[in-house]
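This report refers to the structure that appears directly beneath it.
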Amino acid sequence: MTSITSIELNYLVFRYLQESGFTHSAFTLGYEAGINKCTIDGNLIPPGALITFVQKGLQYLEMEANMSNNDVEMDEDFSFLQPLDIITKDVNQLRQMIKEKRKNIQKDKDKDKNKDKDKNKDREVDREHEAERGRVREKERHEKEEREKEREKAESNKEPEKQPEELADGDMVMDQEDKDAIGHEENGTSIGPEPMDIAATSTQASQEACEIPGSDVTILEGHTSEVCACAWSPTGSLLASGSGDSTARIWTIADGLCKSGAQNSPLNVLVLKHVKGRTNEKSKDVTTLDWNGEGSLLATGSYDGQARIWTTNGELRSTLNKHKGPIFSLKWNKKGDYLLTGSFDKTAIVWDVKAEEWKQQFEFHTGPTLDVDWCNNVSFATSSTDHMIYVCKIGEIRPIKTFAGHQGEVNCVKWDPTGSLLASCSDDITAKIWCMKQDKYVHDLREHSKEIYAIRWSPTGPGTNNPNQQLTLASASFDSTVKLWDVELGKLLYSLNGHKDPVYSVAFSPNGEYLASGSLDKSMHIWSLKDGKIVKTYTGNGGIFEVCWNKEGDKLAACFANNTLCVLDFRM
């Protein structure tokens, strides 16, 4: 008899957690169960495999319980059982339950038979009574007819008088009613319920009107697993992508208008392999990537705990190995001499890129490090599943600031463009704004109804290329909304309600006038921040994990769960 191994079961649970959006739990199970060492090819496992497996098992137990050695033909009614009974009871107990259920059904049938007999007897009595009543009614009718005949004979000599005026009045009344009805119809009214007013426009209709045509979209194909990260080079027309297929790719995107169709020829894409030979090995998932400020080097973080640095020609320049768990976040400092990584192993490491070695490891968190972000060239913030945020500085052995206040995992931390305010978002359904001058948060942003997955600052305000525009913060949540905040007052400016599923990513246009959002509902919306309305929208064929603008602000990229990326033109 075929049996499932613990390794196979662990993999099914791992996939179930991933597909259900429990990304942190999936990483934890994958790391502790050694999923990266199993030989299962993830491409062969269909979506929902664990659920299907459990359902089949329940059906088998149900069939087994309904069949017995002396009742193979199953002449009796098939009894359906509750899933909890099937899980908590053995086959003998289930058979006893079915036996009792069938006994009760038989009792009910016997009762119904007795009731039918009683009803038949009652019907016989009723028929006899009805016949007697019929005879009485027939006699009464006959007597009534005799009386009518006698009255007609008595009045036969009298001439009935006609009343034409009354008849005429009756005709006129009917005519007037008809005319009234016709009059109502001619005036556009009718007697009875009025028709409902139908709105000329709707949200869906307006979205359809803003739909970006396929002719303005280029589909990038080549990855063989979900594409979870993408980033434009800050200086050129290169687009980087990271995938669960153990590769990152650098795509050369031509200037000018995008063209419809797939773009996957070897001439415009470089494949950065994180494992030799077989791909789709879970230990080599590319989880995060980031370009340096000059756009000359691309750093990637992987599930195997290694950070890698690549040239724009696709050559592997450095492999940075010290973490003991998957890398969740990775950032270059502005100067480009240090690379910062945050890992499942609860630590953050600053790497000296030129020396190709680690400079300092920061071990303050008690749970996996989920995100990191530079404040300046030497100090940075880290967030964790332990609900804490630490601000650290190269050369310091203790955090220079500790921010405590979140009640759930802190998914994301981001410094504003000047490095004076720090924003954070959490599974506790809040976003918070902090500053180094005080321990408690400056603002507590509490308008979302579910976990907040991502936050981004606008490229506006003092010290930016758009100094005359207001500095704002955008937050993306599992409640399917994006919210825009006034960070000076800590008040909600807009709630952008257009998605139907969790929103994983938001990105401001370089001029700060537009905001792009990507959701698991397969759609990307572009919002005008002047009025909070959708100006463009695109719907792909998979959930969207990340969206990003190029430096000119005329192209947008999005990466999808169906192994593709898309690049689309944006011109207003």
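Following UniProt numbering, the numbering of the sequence shown begins with 1 at its first residue and continues without gaps. Note that beta-carbon positions come from the ideal geometry of N, C-alpha and C, so glycine has one too. In this text, all values refer to a predicted model and were calculated from it rather than measured experimentally.
- Query: Nearest CA to the CA of residue 408: which residue from 400, 452, 387 and 461?
  - Reply: 387
- Task: Under 8 Å by Cβ, that's how I've got residue 226 and residue 244 pegged, so tell me the actual separation to the nearest angstrom.
- Result: 5 Å
- Message: My output table needs one value for residue 602: the three-state DSSP class, helix, strand or coil.
- Response: Absent from the structure is residue 602, since the part of the chain shown begins at 1 and ends at 572.
- Query: Nearest-angstrom Cα distance between residue 499 and residue 322?
  - Reply: 40 Å
- Message: Measuring only the C-alpha atoms, how far is residue 8 from residue 44?
- Response: 13 Å
- Task: Check residue 342 in the structure and name its three-state DSSP category.
- Result: Residue 342 falls in the strand class under three-state DSSP.
- Query: How do the segment 435 to 444 and the segment 453 to 466 stand: do at least 3 beta-carbon pairs fall below 8 Å, yes or no?
  - Reply: no
- By Cβ distance, which residues of its chain are closer than 6 Å to residue 18, with the 5 residues on each side in sequence left out? Sequence-distant partners of residue 18 (beyond 5 residues in either direction) whose C-beta falls short of 6 Å from its own C-beta, in its chain, are 26.
- Name the residue from 424, 357 and 473 whose alpha carbon lies nearest to the alpha carbon of residue 373. Per the Cα distances, 424.
- Task: On a CA-only basis, which of 269, 61 and 313 is nearest residue 578? Give me that one, please.
- Result: Outside the displayed span of the chain (1 to 572) sits residue 578, for which this structure offers no information.
- Task: Look at the Cβ atom of residue 333, then the Cβ atom of residue 268, and state whether they are nearer than 8 Å.
- Result: no
- Message: Please give me, in chain order, every unbroken run of the beta strand (DSSP E) with length at least 3 that falls completely inside the segment 405 to 463.
- Response: You should have 410 to 415, 421 to 426, 431 to 435, 443 to 445 and 452 to 457.
- Item | Chain-order list of residues whose beta-carbon lies under 6 Å from that of residue 525 (same chain, five-residue window excluded) | 498, 517, 534 and 537
- Message: For a quick check, are the C-beta atoms of residue 290 and residue 330 less than 8 Å apart?
- Response: yes
- From the beta carbon of residue 373, is the nearest beta carbon of chain D less than 8 Å away? Judged by its chain identifiers, the structure shown contains no chain D, having just a single protein chain.
- For residue 24, which of 355, 346 and 463 has the nearest alpha-carbon? Out of 355, 346 and 463, 346 has the C-alpha closest to the C-alpha of residue 24.
- If you compare alpha carbons, which of 508, 420 and 3 is closest to residue 463? 420
- Message: Here's the rule I'm using: 16 or more other beta-carbon atoms within 10 Å means buried, otherwise exposed. How should residue 305 be labelled?
- Response: buried
- Query: Count the other CB atoms within 10 Å of the CB of residue 60; is the residue buried (16 or more) or exposed (fewer)?
  - Reply: exposed
- Quick one: is residue 489 buried, meaning 16 or more other Cβ sit within 10 Å of its Cβ, or exposed? exposed
- Let me know the secondary structure DSSP gives residue 32 once reduced to three states. helix
- Under a three-way DSSP split, which group does residue 93 fall into? helix
- Can you tell me whether DSSP reads residue 571 as helix, strand or coil? coil
- What is the DSSP secondary structure of residue 356, counted as helix, strand or coil? coil
- Item | Three-state secondary structure (DSSP) of residue 9 | In this structure, residue 9 counts as helix in the three-state DSSP scheme.
- Message: Using the Cβ count rule (16 or more neighbours within 10 Å means buried), how would you classify residue 335?
- Response: That one is exposed.
- Task: Tell me, to the nearest whole angstrom, how far the beta carbon of residue 309 is from that of residue 275; I am working on the premise that it is less than 8 Å.
- Result: At roughly 17 Å, the Cβ-Cβ gap does not stay under 8 Å, so residue 309 and residue 275 are not in contact.
- Sequence-distant residues of the same chain with beta carbon closer than 7 Å to residue 38, five excluded per side: 7 and 11
- How big is the Cα-Cα spacing for residue 216 and residue 246? 30 Å
- Query: Excluding sequence positions up to five away, which residues of its chain have a Cβ less than 6 Å from the Cβ of residue 311?
  - Reply: 317
- Query: In the segment 33 to 64, which residue ranges form an unbroken beta strand (DSSP E) of at least 3 residues, counting only runs that do not cross its ends?
  - Reply: none
- How many Å lie between residue 557 and residue 548 at the Cα? 5 Å
- Task: Can you give me the Cβ contacts of residue 255 inside the same chain, cut-off strictly under 8 Å, excluding the 5 residues immediately before and after it?
- Result: 237
- Query: Enumerated in chain order, which unbroken segments of the alpha helix (DSSP H) with a length of 4 residues or greater are wholly contained in the UniProt repeat "WD" (496 to 537)?
  - Reply: Annotation: the UniProt repeat "WD" (496 to 537) contains no complete segment of the alpha helix (DSSP H) (minimum length 4 residues).
- Task: Return the CA-CA distance between residue 406 and residue 418, expressed in angstroms with no decimal places.
- Result: 24 Å
- Item | Range of the contiguous beta strand (DSSP E) that encloses residue 288 | 286 to 291
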